[in-house]
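Notes to accompany the following structure.
Number of protein chains: 2
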Amino acid sequence: MEKDLYGICPYVTAQKLLTGKWTLLIMYQLSLKKMRFNELQRALPSLTQATLTKQLRMMSDNGLIIRTVYDQIPPKVEYSLSELGERFQPVLNAIQEWGTEYIDFLKGKSS
Amino acid sequence: MEKDLYGICPYVTAQKLLTGKWTLLIMYQLSLKKMRFNELQRALPSLTQATLTKQLRMMSDNGLIIRTVYDQIPPKVEYSLSELGERFQPVLNAIQEWGTEYIDFLKGKSS
DNA sequence: CAGGATCCTTCGTGATACTG
DNA sequence: CAGTATCACGAAGGATCCTG
């Protein structure tokens, strides 16, 4: 089973963590700045509250992001990248670049 | 819908393409050398034929890899990275590095 | 504002059997 | 050797309603 390779093979491990359909997008948003729950929702309009909540919890459990709760009324919760999340930046950059190239490729195809 | 961003946002686009549970692994394998169907299967033991076939077809359709059929008996089919696939290398490298760091993080946690 | 709790559907993944 | 064809399942994702 590939599960055995989680925590062993870098690729299997990374894939597991990035599995979420939105993980990459959230990582990107948070790499720009720390954000509150509603800010994220506005940045990712096609994502429902429930899903966003689950994703954030997963990412928090995995140590990718940090959840900071300010004990006040109205409630305020901020999400930011953890140390590990920050180190993810190179991947983000590489993906952005490659994604852009891929989009160009798509355009060339359709025209 | 986020579908609208496919072909527009690099991250959405990349995430779609890397969605498959095995895409990253296959990309890595093929980045080492072109491989035949059975070679890939041996390299990824926990992956069934059916699934591998589907993944390869998807990746081929997406232009990530190239499928070369040698018309002979017994059949021989080789898979290799396309131009676009080659350009994916930086992402692969970044992921490998980050994945390794993450594994270290996991170890530190459990101990 | 930032969720929690449910319910439901879709899609990816896998098992198995068969083929040129 | 390199697939194709079916069937089935589980989990991720989403819709909706409710709360401190």
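Those protein sequences? They're chains S and Z, same order as listed.
The first sequence begins at 1 in this note's numbering and counts up one residue at a time.
The second sequence begins at 112 in this note's numbering and counts up one residue at a time.
In this text, a Cβ means the ideal position worked out from N, Cα and C, and glycines have one as well.
The beta-bridge partner set that DSSP reports for valine 77 of chain S consists of S/Val69.
With fewer than 16 other CB atoms across the displayed protein chains lying within 10 angstroms of its CB, tyrosine 181 of chain Z is exposed. The beta-carbon distance between proline 10 of chain S and isoleucine 206 of chain Z, rounded to whole angstroms, is 7 Å. This is short enough to meet the 8 Å contact definition.
C-alpha of phenylalanine 105 of chain S to C-alpha of serine 191 of chain Z: approximately 18 Å in a straight line.
Using a CB distance cut-off of 8 Å, leucine 136 of chain Z counts as an interface residue toward chain S. Close to glutamine 207 of chain Z, with beta-carbon spacing below 9 Å, are these residues of chain S in chain order: Pro10, Tyr11, Ala14. Between methionine 138 of chain Z and glycine 196 of chain Z, the beta carbon gap of about 7 Å places them in contact (Cβ cut-off 8 Å). When rounded, the separation of the alpha-carbon atoms in lysine 21 of chain S and threonine 179 of chain Z is 31 Å. Here arginine 36 of chain S carries a strand assignment [DSSP, helix/strand/coil]. Among the residues of the segment 178-189 of chain Z, none has a Cβ less than 8 Å away from any Cβ of chain S. Around the CB of leucine 143 of chain Z, fewer than 16 other CB atoms lie within 10 Å, so the residue is classed as exposed. The alpha-carbon of glutamine 140 of chain Z is positioned some 14 Å away from that of valine 202 of chain Z.
A straight line joining the alpha-carbon of threonine 13 of chain S with that of proline 74 of chain S spans about 38 Å.
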